[in-house]
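If you count by mature numbering (1 follows the signal peptide of the UniProt record, and there is no 0), then the sequence shown holds residues -20 to -1, 1 to 116, one letter each, in order. Beta carbons: idealized from backbone N, C-alpha and C, even for Gly.
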Amino acid sequence: MRLFCLSLVTAGLIAGAANAAPCDTNFKVSGVPMLSAMSYRTFEVFPKAKAPAMLQKLAQAVSAEGFDGVKIDKGLSSINAFQETTGSGRIQTLRVVARQQGANVRVDAIFDIQAGQLTDKKIVREGLCNIINGAR
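Here you go:
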């Protein structure tokens, strides 16, 4: 019985730690380089925070990372922005969402590039985490 209870406590601690993982640990990439669109995403959970209060700070961080067309949608608690860095007129898009989850706020950042475009995932991870850390 003690082993079972210890297992439950350990599992709870691991699950709690997974939710509290930092931005760079949560980073994921999907898509096939050059053949399909690529999606770079990450998130972080901020304890004892309010989503509406975080939106302005997040929008400022998006702008500081060089994105244009920064728009805050308070109804969706999200920020949309874009950048065009290749000179081709093909844009890359960014969406940042701050979702209230009880007393916590989960901030998700998703950066999408079009098929045929390439980028360095280390640079994207750093940029997305800079944006998320701007909410602090």
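Where does residue i sit, in a helix, a strand or coil, going by DSSP?
{"i": "I52", "result": "strand"}
{"i": "A33", "result": "helix"}
{"i": "V87", "result": "strand"}
{"i": "A95", "result": "coil"}
{"i": "S43", "result": "helix"}
{"i": "K28", "result": "coil"}
{"i": "L38", "result": "helix"}
{"i": "R70", "result": "coil"}
{"i": "T65", "result": "coil"}
{"i": "V104", "result": "helix"}
{"i": "I111", "result": "helix"}
{"i": "R(-19)", "result": "Residue placement at R(-19) is poorly supported in this model, since its pLDDT is 47, which falls under 50; the coordinates still yield a value, given next. R(-19) falls in the helix class under three-state DSSP."}
Note down, in chain order, each residue of its chain lying with its Cβ closer than 7 Å to the Cβ of residue i, except the 5 sequence neighbours on either side.
{"i": "L15", "result": "A95"}
{"i": "G107", "result": "E45"}
Given residue i, which residues of its chain have a CB within under 6 Å of its CB, disregarding the five upstream and five downstream residues?
{"i": "E90", "result": "Reading off the sequence, residue 90 comes out as Ile, not Glu. Only R21, R75 meet the Cβ criterion."}
{"i": "A61", "result": "V42, F47, G49, V50, L74"}
Sorted by chain position, which residues of the same chain lie with C-beta nearer than 8 Å to residue i's C-beta, five sequence neighbours on each side aside?
{"i": "K102", "result": "none"}
{"i": "A(-3)", "result": "Residue placement at A(-3) is flagged as unreliable, the pLDDT there being 44, under the threshold of 50; a coordinate-derived value is accordingly withheld."}
{"i": "P13", "result": "L98"}
{"i": "T5", "result": "none"}
{"i": "Q63", "result": "G46, F47, D48, I71, Q72, L74"}
My guess is that residue i and residue j are in contact by the Cβ rule of under 8 Å, so how many angstroms apart are they, rounded?
{"i": "V87", "j": "I52", "result": "Not a contact, Cβ separation roughly 14 Å."}
{"i": "A31", "j": "R79", "result": "6 Å"}
{"i": "G114", "j": "A41", "result": "3 Å"}
If you check the beta carbons only, do residue i and residue j fall under 8 Å apart?
{"i": "A29", "j": "N84", "result": "yes"}
{"i": "M18", "j": "I71", "result": "no"}
{"i": "S57", "j": "V25", "result": "no"}
{"i": "K54", "j": "L35", "result": "yes"}
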